[in-house]
Amino acid sequence: MEKIIKTITLKNGDKYIGEIKDDQMNGQGTLYSNNISYEGGFKKGKFHGEGILKNPIIGKYSGQFINGHACGQGVMTYNIGHIYYGQWKNDMKHGDGIYTDDTGTKYEGQWQNDKKHGEGILVFSDGTKYSGNWVDGKKQGKGSYNYPDGSAYVGEFIDGVYHGYGVYTYPNGSKYSGDYKFGKANGQGVLTKPGIGEYVGEFMDDKEHGKGTFIDINGKKYACEWREGSRREDK
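Next comes the structure, spelled out in structure tokens:
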């Protein structure tokens, strides 16, 4: 069947050049709407199949469409220098994808409704790396952080910060294991310092604070009160 190619102007002023079937945009064509342009497949008047959508304000999407929406595999190149390659659903990042911003920070993992959601890895331009779970764009659940100075955190997150049980290893080899609240050691925990000893007890804002026991490298124990990282008195 011979393809019918036409140039038409729609009621809203949009201009279409391409295949027509049943008096609708069907097949391959190009649509110009204000400053936005689309070149690719059409079905019953809507973007459908492979296509390229250009928006001078946002950027360029190249990939799959279903019923007028970005759906399936596609690449979005943003005018601000960011790029996303991965799966889409109803014009939103949804499924597995890779997002890189203009600083070189890269996220590779799962998306849902345009937000990081599920398992994913975020690597910052300075080498800082987060691996773990995401919920609605925030680090949530179990995850780990690795920093350029050699320090690392493995544990639980809520709303993007350390919260719950976690283990933090410092560059000098010291290690904290215990409770975290709002991004800092708060509650019960154990702080081990190589060549010095171990503190077991209460913490507040990343410091020994409250009741605790210090065990030196010779095994001698000191049960005492602590204030902001300093031992106050023996008991």
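Numbered by numbering that gives the first Met the number 0, the letters in the sequence shown go through residues 0 to 234 in order.
Idealized CB from N, CA, C, for every residue including glycine.
Burial state of residue i, where buried means 16 or more other Cβ atoms lie within 10 Å
i: ASP178; result: buried
i: LYS234; result: Residue placement at LYS234 is flagged as unreliable, the pLDDT there being 45, under the threshold of 50; the coordinate-derived value follows with that caveat. Classification of LYS234: exposed, given that the 10 Å Cβ count is below 16.
i: PHE181; result: exposed
i: ALA222; result: exposed
i: GLY40; result: buried
i: ASN78; result: exposed
i: GLY149; result: exposed
i: GLY12; result: exposed
i: LYS43; result: exposed
i: GLN23; result: exposed
i: GLY50; result: buried
Check whether residue i and residue j have beta carbons under 8 Å apart
i: GLY136; j: PHE156; result: no
i: TYR164; j: GLY154; result: yes
i: GLY26; j: GLU18; result: yes
i: LYS183; j: ASP158; result: no
i: GLY71; j: PHE46; result: no
i: ILE97; j: TYR84; result: yes
i: GLY62; j: GLY73; result: yes
i: LYS10; j: SER36; result: no
i: VAL134; j: HIS116; result: yes
i: VAL122; j: LYS138; result: no
i: TYR15; j: ILE3; result: no
i: ASP125; j: MET91; result: no
Residue range of the beta strand (DSSP E) that includes residue i
i: ASP215; result: 206 to 215
i: LYS88; result: 82 to 88
i: ASN132; result: 128 to 134
i: LEU52; result: 45 to 54
i: ASP95; result: 91 to 99
i: LEU9; result: No beta strand (DSSP E) holds LEU9; DSSP gives it neither H nor E.
i: ASN25; result: 23 to 32
i: SER173; result: Careful: SER173 lies outside any beta strand (DSSP E) and carries neither H nor E.
i: PHE123; result: Element bounds for PHE123: n/a, residue is neither H nor E.
i: GLY194; result: Unbroken run through GLY194: none, as it is neither H nor E.
For residue i: DSSP bridge partner residues
i: PHE181; result: Answer is none; PHE181 lacks a bridge partner.
i: TYR146; result: Paired residues: none, contrary to the question.
i: ILE311; result: Any answer about residue 311 is impossible in this case: the structure gives the chain only from 0 up to 234.
i: CYS70; result: According to DSSP, CYS70 bridges with nothing at all.
i: THR76; result: LYS59, ILE82
8 Å contact criterion, which residue i and residue j should meet: CB distance rounded
i: GLU118; j: GLY108; result: 6 Å
i: ARG226; j: PHE213; result: In fact, because the Cβ distance is near 14 Å, the residues do not count as touching under 8 Å.
i: SER176; j: GLY188; result: 6 Å
i: GLY58; j: MET75; result: 6 Å
i: GLU201; j: GLY209; result: 3 Å
i: ALA151; j: THR127; result: The pair is not a contact, with the Cβ atoms about 11 Å apart (cut-off 8 Å).
Any chain D beta carbon closer than 8 Å to residue i
i: ASP101; result: Absent from the structure is chain D; it holds one protein chain and no more.
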